[in-house]
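*Asks:* Provided herewith is a single structure, encoded as structure tokens, for subsequent inquiry.
2 protein chains.
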Amino acid sequence: MDDDRDACQIFHIDEEKVLKLKAGLIGEYKALTLSEIFKALGDPTRVKILYTLMENELCVCDIASLLGMTVSAISHQLRLLRNLKIVKYRKEGKMVYYSLDDEHIKKLLEMGVTHVEE
Amino acid sequence: MDDDRDACQIFHIDEEKVLKLKAGLIGEYKALTLSEIFKALGDPTRVKILYTLMENELCVCDIASLLGMTVSAISHQLRLLRNLKIVKYRKEGKMVYYSLDDEHIKKLLEMGVTHVEE
DNA sequence: CATACATTTGAACAAGTGTTCAACTATTTA
DNA sequence: TAAATAGTTGAACACTTGTTCAAATGTATG
Chain A
1 MDDDRDACQI FHIDEEKVLK LKAGLIGEYK ALTLSEIFKA LGDPTRVKIL
51 YTLMENELCV CDIASLLGMT VSAISHQLRL LRNLKIVKYR KEGKMVYYSL
101 DDEHIKKLLE MGVTHVEE
Chain B
119 MDDDRDACQI FHIDEEKVLK LKAGLIGEYK ALTLSEIFKA LGDPTRVKIL
169 YTLMENELCV CDIASLLGMT VSAISHQLRL LRNLKIVKYR KEGKMVYYSL
219 DDEHIKKLLE MGVTHVEE
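From first to last, the protein sequence lines are chains A and B. So the first sequence is numbered by the working numbering: it starts at 1 and just counts up by one. So the second sequence is numbered by the working numbering: it starts at 119 and just counts up by one.
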């Protein structure tokens, strides 16, 4: 009688629970920002790119060669990853060397692998 | 002279490095599987749904009410999350209670927040 | 300066995605 | 059995996305 599961019709969960739930809601902006990061990792090409960068920094055409894709396609993806601060770059003459921006990205990838591998 | 950065033109990185890089490449299937998980987290609505499930299990129309969206929209998203084993569900009479499938998902979300908040 | 090369960029296209609407299933209750 | 309720589903739509191609930067080198 005390914990009869919330029927849905009029949404009559007890006040306290409603408040707790609403307080725990993620904000619109935060949800968007967070989803943008995950979305960036949510493409096979970008996953492959990031994997090549996990131990080394590499230039655009090295990545393109390794993945068997056009330099243009890789560059487009790198721009996206750059804008989201997922990779950083370093210019040296004609070449541009890309690397992961921070350790979080590496950890996110590793945790993703852990999840899919179990 | 020893570590002259790989010029790109003919991709003449030294053999050892090429081999190491190629060995570290992620496979096609693994990249796809991994990207599917991240893609699932890469939508604001799904992020919000998962956030409501971080501490409680909830039924579809509770989530819909909390987020101010239609039951149908939520149900479609939950199916996707279900198929990817990101959420699990429990049936009780007419109601279906959803919850996060495992701790990894929670950790991924938390780690994502950490990344965007710094 | 002219040439070569690494990378970036914009436009365009096919393919994929999220929401809505209406119809449907399944379960409870009268 | 009939009505009510919780949830699922499929089709349709506008919108977004990833790649390609061609053209444009920027930088070194002859």
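Cβ coordinates follow ideal geometry from the N, Cα and C atoms, glycine included.
What residues in the region 69 to 96 of chain A have a beta carbon less than 8 Å from any beta carbon of chain B?
*Replies:* From the region 69 to 96 of chain A, only Glu92, Met95 have a Cβ closer than 8 Å to chain B.
*Asks:* Note the first and the last residue of the continuous alpha helix (DSSP H) segment covering Met95(A).
*Replies:* Careful: Met95(A) lies outside any alpha helix (DSSP H), inside the beta strand (DSSP E) at 95 to 100.
*Asks:* Three Cβ pairs or more, each shorter than 8 Å: is that satisfied between the region 155 to 170 of chain B and the region 37 to 56 of chain A?
*Replies:* Enough Cβ pairs lie closer than 8 Å, so yes.
*Asks:* Which residues of chain A have a Cβ atom closer than 7 Å to the Cβ of Glu173(B), listed in chain order?
*Replies:* Neighbours of Glu173(B) on chain A, chain order: Gly24.
*Asks:* Let me know if Ser72(A) comes out buried or exposed under the rule of 16 or more other beta-carbons within 10 Å of its beta-carbon.
*Replies:* It is exposed - the Cβ of Ser72(A) has fewer than 16 other Cβ atoms within 10 Å.
*Asks:* Name, in chain order, the residues that DSSP records as bridge partners for Cys59(A).
*Replies:* DSSP lists Tyr97(A) as partners of Cys59(A).
*Asks:* At least one CB of chain B closer than 8 Å to the CB of His48(A): is that the case?
*Replies:* Reading off the sequence shown, one finds Lys at residue 48(A), where the question assumed His. Yes, Lys48(A) counts as interfacial toward chain B.
*Asks:* Quick one, are the C-beta atoms of Tyr51(A) and Leu143(B) less than 8 Å apart?
*Replies:* Yes, the pair counts as a contact, with Cβ atoms nearer than the cut-off.
*Asks:* Which chain A residues are close to Glu217(B), counting only those with a beta carbon under 7 Å from its beta carbon?
*Replies:* Checking the sequence, you will find Ser at residue 217(B) rather than Glu. Within 7 Å Cβ-Cβ: nothing; Ser217(B) doesn't reach chain A, min ~13 Å.
*Asks:* Where do the ends of the alpha helix (DSSP H) carrying Lys166(B) lie?
*Replies:* Counting along the chain, the alpha helix (DSSP H) containing Lys166(B) begins and ends at 162 to 170.
*Asks:* Could you pull out every residue in the same chain whose Cβ sits closer than 7 Å to the Cβ of Ser65(A), ignoring the five residues on either side in sequence?
*Replies:* Closer than 7 Å at Cβ, skipping near neighbours: no residue.
*Asks:* Across which residues does DSSP place Val205(B) in a beta bridge pair?
*Replies:* According to DSSP, which records beta bridges pairwise, Val205(B) is partnered with Leu218(B).
*Asks:* Using a Cβ-Cβ distance under 8 Å, would Lys107(A) count as near chain B?
*Replies:* Chain B contact via Cβ: present.
*Asks:* Between which two residues does the alpha helix (DSSP H) containing Ile37(A) stretch?
*Replies:* Unbroken alpha helix (DSSP H) run through Ile37(A): 28 to 41.
*Asks:* Any idea if Leu137(B) is buried or exposed, counting beta-carbon neighbours within 10 angstroms, 16 or more meaning buried?
*Replies:* Under this definition Leu137(B) is an exposed residue.
*Asks:* Ala31(A) to Asp219(B), Cα distance in whole Å?
*Replies:* If you take the alpha carbons of Ala31(A) and Asp219(B), they lie about 20 Å apart.
*Asks:* For Leu137(B) and chain A, any beta-carbon pair shorter than 8 Å?
*Replies:* No, because no Cβ of chain A sits closer than 8 Å to the Cβ of Leu137(B).
*Asks:* Count Cβ pairs between the region 79 to 88 of chain A and the region 99 to 118 of chain A that sit closer than 8 Å; are there 3 or more?
*Replies:* Segments in contact, yes.
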